[in-house]
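Engineer:
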């Protein structure tokens with residue numbers, strides 16, 4: 001009954017197969033309940049014998065008189081040794097008598113000998129027991145008298161039924177459906193204790209005069225049933241928001257997650273073609289710039305050879321085209337702009353203040369080297385050693401403070417001496433790098449080409465030591481270098497002098513060398529192509545025009561289906577599986593939510 005009182009919207013009481021009353025919990029309590037129960041607890045008189053001040057005993061007559069002064073309709077139900085139980089009618093609550101009673105009772109507890117009190121409303125169980133008992137009593141009296149066959153009366157007569165009939169919250173007693181007695185006979189015997197005598201025989205007899213109307217059948221019946229089922233499903237779904245969430249919102253959420261996974265998956269595309277040129281290192285070497293050391297030796301060059309010598313090869317690096325084929329002139333013949341460019345071909349573009357009108361004489365890709373670069377100071381790895389002291393070796397003395405050091409020479413005694421362009425270094429104690437002096441050398445001659453590359457002339461230096469000892473100075477800034485005028489001693493001097501060109505391809509005495517840093521991607525083919533550009537421009541006939549007009553461009557087309565792309569395919573396969581799992585989970589909620597409703601109705605044995 002407590003669950004019905006809390007959860008029930010409308011409560012109906014059936015006794016002996018007949019509906020006795022129907023309505024909300026508050027409606028039944030107000031109309032069929034006895035009222036409010038007031039329970040008073042008497043004070044114990046045992047402790048008063050030992051006290052200095054004896055307490056007055058609780059007298060039922062004085063308490064009843066006190067209560068009836070405020071609530072005249074109060075009724076004493078029972079009295080025990082410790083408690084008094086009164087019934088307070090609901091009518092007194094509407095008159096405001098309860099407030100006066102409880103206010104006076106709070107101030108008179110000691111005088112009346114009451115320790116505490118409590119009040120509660122009529123429970124639904126008491127209402128049910130009262131209805132069941134009165135229905136049984138009315139049935140027993142109905143058997144003692146001959147049953148009277150009732151007749152169906154109009155709704156107007158039903159609403160004029162007596163006040164003691166079973167009540168509903170529709171505004172009309174339920175027992176109006178049982179009809180009235182014939183010829184206006186007195187109905188006191190039929191309505192006793194507030195309930196009509198509605199025996200089984202009377203109910204069956206009343207159906208004889210009921211007009212049930214036309215019976216629905218065929219397609220109209222199917223439409224009516226479908227409408228009823230849809231209406232039922234609508235109200236069940238509206239009241240069960242959790243089921244609606246599982247049917248619509250949760251599948252939509254999983255589908256949205258699957259779509260987001262598909263959008264974040266990497267797109268497998270063929271890498272774009274890559275132009276191999278030193279200018280591709282432009283942004284990665286800023287703000288210092290890409291450093292390209294070069295050296296040439298005036299070695300032997302046979303007079304019969306038609307090929308350019310080492311000096312001619314090195315001079316092509318200072319042309320307006322610079323290194324590689326990024327900045328190539330548009331017109332090969334000498335014109336107005338060509339003369340302007342040729343006059344400034346040996347200019348040092350260190351200030352990078354190139355006239356944009358002059359830039360129009362070059363190919364469009366030349367503008368890319370004038371885009372501001374990306375500083376990579378935060379990405380430069382630390383030096384291999386943290387030692388700051390300057391190493392000394394043999395008779396070399398430490399450089400005193402305030403004394404200008406004398407640059408070291410690159411050769412030993414008896415050999416032509418040159419100033420050093422790199423520091424003197426020794427291996428660190430941990431064999432993790434070099435410890436170099438900070439003095440004793442000077443910077444080599446520098447030339448900044450139009451392409452932004454910084455050319456360093458180290459022709460008089462030991463190239464191996466220079467590249468080794470200046471690694472930390474140009475970390476992430478030097479990816480290649482050139483050496484011109486080298487000689488192969490194992491090739492004879494006049495090899496191929498009078499031989500055909502095909503024979504001369506077997507061996508070459510005078511060669512050039514390309515240095516590259518394998519830490520830079522594509523450094524080797526990039527600087528080999530730059531060397532080929534220098535050879536091409538140095539050997540062009542004068543009638544072909546300005547050498548800066550010509551260049552060789554190397555384009556690398558990445559091969560498809562490499563290991564990197566295969567790994568991407570594997571990632572996409574895993575993504576497809578994840579998407580399929582999300583879709584399956586999302587779609588499983590839809591049929592499961594509908595089946596759950598059918599299973600619940602089968603469990604509750606709902607009628608279909």
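In UniProt numbering, the protein residues as written are 1 to 608. Cβ coordinates follow ideal geometry from the N, Cα and C atoms, glycine included.
1) Tell me the rounded alpha-carbon separation between residue 103 and residue 109.
2) Residue 514: which of 507, 524, 317, 499 sits nearest, CA to CA?
3) According to DSSP, simplified to helix, strand and coil, what is residue 558?
4) Would you please state the rounded distance, in angstroms, between the beta carbons of residue 436 and residue 425? I believe it to be under 8 Å.
5) Cα separation between residue 476 and residue 329?
6) What's the gap between the Cα of residue 483 and the Cα of residue 298?
7) Relative to the alpha-carbon of residue 609, which residue among 441, 455, 245 has its alpha-carbon at the smallest distance?
8) Using a Cβ-Cβ cut-off of 7 Å (strictly less than) and excluding sequence neighbours within five positions of residue 118, which residues of its own chain qualify?
9) Considering residue 75, what are the terminal residues of the beta strand (DSSP E) in which it resides?
10) Which residue's Cα is closest to the Cα of residue 273: 520, 586, 559?
11) Measuring straight from C-alpha to C-alpha, what distance separates residue 312 and residue 554?
12) Which full runs of the alpha helix (DSSP H) of 4+ residues lie inside the segment 501 to 537, going along the chain?
13) Distance, Cα to Cα, residue 503 vs residue 495?
14) Please confirm if residue 6 has its CB atom under 8 Å from at least one CB of chain C.
15) Between which two residues does the beta strand (DSSP E) harbouring residue 552 extend?
16) To the nearest angstrom, report how far apart residue 177 and residue 22 are at their CA atoms.
17) Please name the residue or residues paired with residue 295 in a DSSP beta bridge.
18) Taking only runs that begin and end inside the segment 434 to 503, name each unbroken beta strand (DSSP E) of 3 or more residues, in chain order.
19) With H, G and I counted as helix, E and B as strand and the rest as coil, what does DSSP make of residue 218?
20) Whole-angstrom Cβ separation of residue 112 and residue 62, contact assumed at under 8 Å?
21) Provide the residue(s) that pair with residue 12 in DSSP beta bridges, ordered along the chain.
22) How long is the line joining the alpha carbons of residue 281 and residue 480, rounded to whole angstroms?
23) Just to confirm my understanding: we take residue 583, look at its own chain, exclude 5 residues before and 5 after, and list those with CB closer than 8 Å. What are they?
24) May I ask which residues mark the beginning and end of the alpha helix (DSSP H) holding residue 70?
25) Where does the unbroken alpha helix (DSSP H) through residue 260 begin, and where does it stop?
26) For residue 275, report the span of its alpha helix (DSSP H) as first-last.
27) Is residue 226 near residue 237, with beta carbons less than 8 Å apart?
28) Is it right to say residue 14 is buried, meaning 16 or more other beta carbons lie within 10 angstroms of its own, or is it exposed?
29) Between 82, 89, 556, 83, which lies nearest to residue 75 when the distance is taken from Cα to Cα?
30) If you run the structure through DSSP and keep just helix, strand and coil, what is residue 319?
31) Let's see if you can read the secondary structure: which residues bound the beta strand (DSSP E) around residue 41?
32) Using 10 angstroms around the beta-carbon of residue 224, count the other beta-carbons present and answer buried if the total reaches 16, otherwise exposed.
33) Could you pull the start and end residues of the alpha helix (DSSP H) that residue 243 belongs to?
Structural biologist: Based on what the coordinates show:
1) For the purposes of this step, residue 103 is taken as residue 103 along the chain shown, with counting starting at 1. For the purposes of this step, residue 109 is taken as residue 109 along the chain shown, with counting starting at 1. Those two C-alpha atoms are separated by around 11 Å.
2) The residue given as residue 514 occupies position 514 in the chain shown. When each option's Cα is compared against that of residue 514, the closest is 524.
3) Stepping through the chain shown from its first residue, residue 558 is reached at position 558. DSSP places residue 558 in coil when its eight states are reduced to three.
4) In the chain shown, residue 436 corresponds to position 436, counting from 1. In the chain shown, residue 425 corresponds to position 425, counting from 1. Rounded, the Cβ-Cβ distance is 4 Å, consistent with contact.
5) Here residue 476 is taken as the residue at index 476 of the chain shown, counted from 1. Here residue 329 is taken as the residue at index 329 of the chain shown, counted from 1. Cα to Cα, the separation comes out at about 30 Å.
6) Locating residue 483 in the chain shown gives position 483, where the first residue counts as 1. Locating residue 298 in the chain shown gives position 298, where the first residue counts as 1. Approximately 12 Å between the Cα atoms of the pair.
7) Examination of residue 609 is not possible in this model, given that the chain is present from 1 through 608 alone.
8) As a working note, residue 118 is residue 118 in the chain shown. Around residue 118: 39.
9) To locate residue 75, count along the chain shown from 1; it is residue 75. 75 to 79 is the extent of the beta strand (DSSP E) around residue 75.
10) In the chain shown, residue 273 corresponds to position 273, counting from 1. Nearest C-alpha to residue 273: 559.
11) Position 312 of the chain shown, counting from 1, holds the residue named residue 312. Position 554 of the chain shown, counting from 1, holds the residue named residue 554. If you take the alpha carbons of residue 312 and residue 554, they lie about 23 Å apart.
12) 501 to 504
13) Numbered from 1 along the chain shown, position 503 holds the residue referred to as residue 503. Numbered from 1 along the chain shown, position 495 holds the residue referred to as residue 495. Cα to Cα, the separation comes out at about 9 Å.
14) Absence of chain C from the displayed structure is noted, only one protein chain being present.
15) On the chain shown, residue 552 is found 552 positions in, with the first residue counted as 1. From DSSP, residue 552 is part of no beta strand (DSSP E); its letter is neither H nor E.
16) The sequence position of residue 177 within the chain shown is 177, counting from 1. The sequence position of residue 22 within the chain shown is 22, counting from 1. For residue 177, the pLDDT reaches just 38, beneath the cut-off of 50, and the residue's location in the model is therefore unreliable, leaving the point undetermined.
17) Counting from one through the chain shown, the residue named residue 295 turns up at place 295. DSSP lists 483 as partners of residue 295.
18) 434 to 436, 446 to 448, 454 to 457, 480 to 487
19) As a first step, residue 218 must be located in the chain shown, where it is residue number 218. Coil at residue 218, not helix or strand.
20) What you label residue 112 is simply residue 112 of the chain shown in a count that begins at 1. What you label residue 62 is simply residue 62 of the chain shown in a count that begins at 1. So it is a contact: roughly 6 Å between Cβ atoms.
21) Taking the chain shown and counting its residues from 1, the one referred to as residue 12 is at position 12. The partner list for residue 12 (beta bridge, DSSP) reads 22.
22) What you label residue 281 is simply residue 281 of the chain shown in a count that begins at 1. What you label residue 480 is simply residue 480 of the chain shown in a count that begins at 1. When rounded, the distance between both Cα atoms is 11 Å.
23) Residue numbering aside, residue 583 sits at position 583 when the chain shown is read from its first letter. Hits under 8 Å: 254, 255, 258.
24) Numbered from 1 along the chain shown, position 70 holds the residue referred to as residue 70. Looking at the DSSP string, the run of the alpha helix (DSSP H) that includes residue 70 is 60 to 70.
25) As a working mapping, residue 260 is identified with position 260 in the chain shown. Counting along the chain, the alpha helix (DSSP H) containing residue 260 begins and ends at 250 to 264.
26) Taking the first residue of the chain shown as position 1, residue 275 is located at position 275. Not the alpha helix (DSSP H): residue 275 falls in the beta strand (DSSP E), residues 274 to 276.
27) Taking the chain shown and counting its residues from 1, one reaches residue 226 at position 226. Taking the chain shown and counting its residues from 1, one reaches residue 237 at position 237. No, these two residues do not count as a Cβ contact at 8 Å.
28) By 1-based counting over the chain shown, the position of residue 14 is 14. Exposed, by the Cβ-count rule.
29) Mapped onto the chain shown, residue 75 falls at position 75. When each option's Cα is compared against that of residue 75, the closest is 89.
30) Residue numbering aside, residue 319 sits at position 319 when the chain shown is read from its first letter. DSSP places residue 319 in coil when its eight states are reduced to three.
31) For the purposes of this step, residue 41 is taken as the residue at position 41 of the chain shown. Counting along the chain, the beta strand (DSSP E) containing residue 41 begins and ends at 36 to 42.
32) Within the chain shown, the letter at position 224 stands for residue 224. By the neighbour-count rule (16 or more Cβ atoms within 10 Å), residue 224 is not buried but exposed.
33) Locating residue 243 in the chain shown gives position 243, counting from the first residue. Segment 241 to 244, the alpha helix (DSSP H) holding residue 243.
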